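Notes follow once the structure below has been shown.
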């Protein structure tokens, strides 16, 4: 009996927290055998409760998830081949642009790894398996390999959609585009996943991960500006455009993409136990909040997961309280405590929306589906004051103000912040298109889009988790899923609607500014209608 406490003792740790091997640890072979036995038992219990119709239903949803975007995006992109000038531009800068996408995802992967990602272990695994007298490396590699299947699946699905859409406008055979797109998307997915494994296994600090990410993005940006291919990420980008211009040097990028996850699997055993335990609890809560479609809870948990903490000291302090401007003062005081990561994220989303609108101006109308959600996310970030009111609903209940009036008062600061971000968006559109007409059109819709983003974010926050009536479809069970989907899609679609004047102006060669100006009032009527609906809301109604 005296040996039991020794076997149950967790491995000792040195000053930096890395596990040290001791005689209490089982060898790698015994660890793998124990894991296989445990996994077979769990699979056996899972299969006993599993119905084959669930697998068929998942396959059905996968087919729907791939077919629906292709069906709706294909008409927006069109099927007319691009001109020779555009094709030449894609051949020269396309690999570097794909490389920039990979560099950004690698930077995000490193940041995720520095916070303990990408593995989201079950709390029981952290408590009982990670603290058992076994080597952590095989345990974590086993969990990582299970996660790898989902990574490969996501890359393949994205590749199928992008390959088909690229075939519509670019030259080449459909099979070639599907193979090239699937290959590059899978390589990007596993490279990003591997970067996160390296960050967590080596316990890279957030500052170091950010610095490495900035260097990768800067290197890829230099390749775009100089129309060269020097970075490993740009070399990998050549695989995605292989049907247009194949180069053997692309193999170097593919090899680098495979090396990254291999290194990550080798070093994953150094994952911090504290980080794994913290992440396990938050990931479970995040999944539950996403299932309940509670946008605000998902936002709060995501910030906790990314360790995005407000500043202890605000960048500025508001003057003495003015009774008529309490919401204004409180919201600006909240902005003053924003961490640097949230500021960078907001402006990065502004740049992404600018690039997407520039693509819309060049005729790729499908990029409205990128610009709209990006600006909606900006609205969610800046509507922090209203979000805090919804977090503590007992306090607004005691205010001498109607809940609807309070909602509208909390929209002023988000509108101001969104205008600042949209100024960056307009600048990016002009820098990419070099068109004064595009500048005039995007500047025309700047204020209406800012209003729409603030109202859409408020609608998403105020709705909260769906009520029982919504879930049951107001008495019709068949309408329940439709209402739940519409509930989540409605706010981003509202922002996309406010950007439609840019697409209309692009289609009108005679008077693009006038065409955009004619549609702006329609979008504003819809937005103000949603605003009045928010004004009539009652506290606690989901």
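Residue numbers (our numbering): 141 to 682. Each residue gets a CB set at the ideal place from its N, CA and C atoms; glycine is no exception. Since the model is a prediction, treat every value here as computed from it, not as a measurement.
task: State yes or no: is the C-beta of residue 390 within less than 8 Å of the C-beta of residue 402?
output: no
query: Just how far apart, CA to CA, sit residue 540 and residue 230?
result: 60 Å
message: For the alpha helix (DSSP H) containing residue 582, name the first residue and the last one.
response: 576-584
query: Can you tell me whether DSSP reads residue 504 as helix, strand or coil?
result: coil
Cα-Cα separation, residue 582 to residue 283: 47 Å
query: Where does the unbroken alpha helix (DSSP H) through residue 448 begin, and where does it stop?
result: Segment: none, residue 448 is in no alpha helix (DSSP H) and carries neither H nor E.
message: Measuring CB atoms only, is the stretch 345-359 touching the stretch 253-264, in the sense that at least three cross pairs come out at less than 8 Å?
response: Segments in contact, yes.
message: The alpha helix (DSSP H) that contains residue 528, what's its start and end?
response: Counting along the chain, residue 528 sits inside the alpha helix (DSSP H) bounded by residues 524-531.
query: Leaving out the 5 sequence neighbours to the left and right, which residues in its chain are closer than 6 Å to residue 459 when beta-carbon positions are compared?
result: For residue 459, same chain residues with a beta-carbon under 6 Å away, outside a window of 5 residues either side, do not exist.
message: If you measure between the beta carbons of residue 554 and residue 503, is that distance less than 8 Å?
response: no
message: Among 289, 586, 343, 491, whose alpha-carbon lies nearest the alpha-carbon of residue 559?
response: 586
message: Among the candidates 276, 627, 278, 397, whose CA atom is the shortest distance from the CA of residue 335?
response: 397
Per-residue burial, residue 523 [other beta carbons within 10 Å of its own, 16 or more giving buried]: Around the CB of residue 523, 16 or more other CB atoms lie within 10 Å, so the residue is classed as buried.
message: Closer than 8 Å is the cut-off here; do at least three beta carbon pairs connect the stretch 462-476 with the stretch 500-514?
response: Fewer than three Cβ pairs drawn from the stretch 462-476 and the stretch 500-514 lie within less than 8 Å of each other, which leaves the two stretches out of contact.
- prompt: How many angstroms separate the CA atom of residue 331 from the CA atom of residue 651?
  reply: 46 Å
query: What three-state label does DSSP hand residue 262 in the structure shown?
result: Three-state DSSP puts residue 262 in coil, outside helix and strand.
- prompt: Fully enclosed by the stretch 262-345, which alpha helix (DSSP H) runs are 4 residues long or longer?
  reply: 276-309, 314-341
task: Starting from residue 374, follow the alpha helix (DSSP H) in both directions and report where the run begins and ends.
output: 372-380
query: Just the Cα atoms here: how many angstroms apart are residue 356 and residue 666?
result: 43 Å
field: Outcome for residue 545 when other beta-carbon atoms lying within 10 angstroms are tallied against a minimum of 16
entry: It counts as exposed.
query: What do you reckon, are the CB atoms on residue 515 and residue 550 nearer than 8 Å?
result: no
query: Would you say residue 400 touches the ligand SAH, meaning its beta carbon is less than 7 Å from a heavy atom?
result: Although the ligand SAH was asked about, the structure shown includes no ligands whatsoever.
message: My output table needs one value for residue 509: the three-state DSSP class, helix, strand or coil.
response: helix
query: What residue from 272, 246, 596, 418 has the CA that sits closest to residue 329's CA?
result: 246
field: With 16 other Cβ atoms within 10 Å as the buried cut-off, status of residue 386
entry: exposed
Neighbourhood of residue 343 by C-beta, 7 Å cutoff - its chain only, sequence neighbours within 5 removed: So the list reads 410, 412, once near-sequence residues are dropped.
- prompt: Which of the three DSSP states, helix, strand or coil, is assigned to residue 470?
  reply: helix
query: Among 447, 426, 445, 446, which one has its Cα closest to the Cα of residue 437?
result: 426
- prompt: Ends of the alpha helix (DSSP H) at residue 433?
  reply: Neither: residue 433 is in no alpha helix (DSSP H) and is coded neither H nor E.
query: Is it right to say residue 181 is buried, meaning 16 or more other beta carbons lie within 10 angstroms of its own, or is it exposed?
result: Counting other Cβ atoms within 10 Å of its Cβ, residue 181 stays below 16 and is therefore classed as exposed.
message: Helix, strand or coil for residue 534? Go by DSSP, reduced to three states.
response: coil
query: Counting pairs of Cβ atoms below 8 Å between the stretch 589-601 and the stretch 630-643, do you hit three or more?
result: yes
query: If you draw a straight line from the alpha carbon of residue 292 to that of residue 326, how long is it in whole angstroms?
result: Spanning the alpha carbons of residue 292 and residue 326 requires a straight line of approximately 6 Å.
query: For residue 641, which residues from the same chain have a beta carbon less than 6 Å from its beta carbon, with the 5 sequence-adjacent residues on both sides left out?
result: Take residue 641, set aside five residues on each side of it, and the residues of its chain with a beta-carbon closer than 6 Å to its own are 585, 656, 659, 660, in chain order.
Best match in 529, 477, 486, 361 for proximity to residue 244 [C-alpha to C-alpha]: 361
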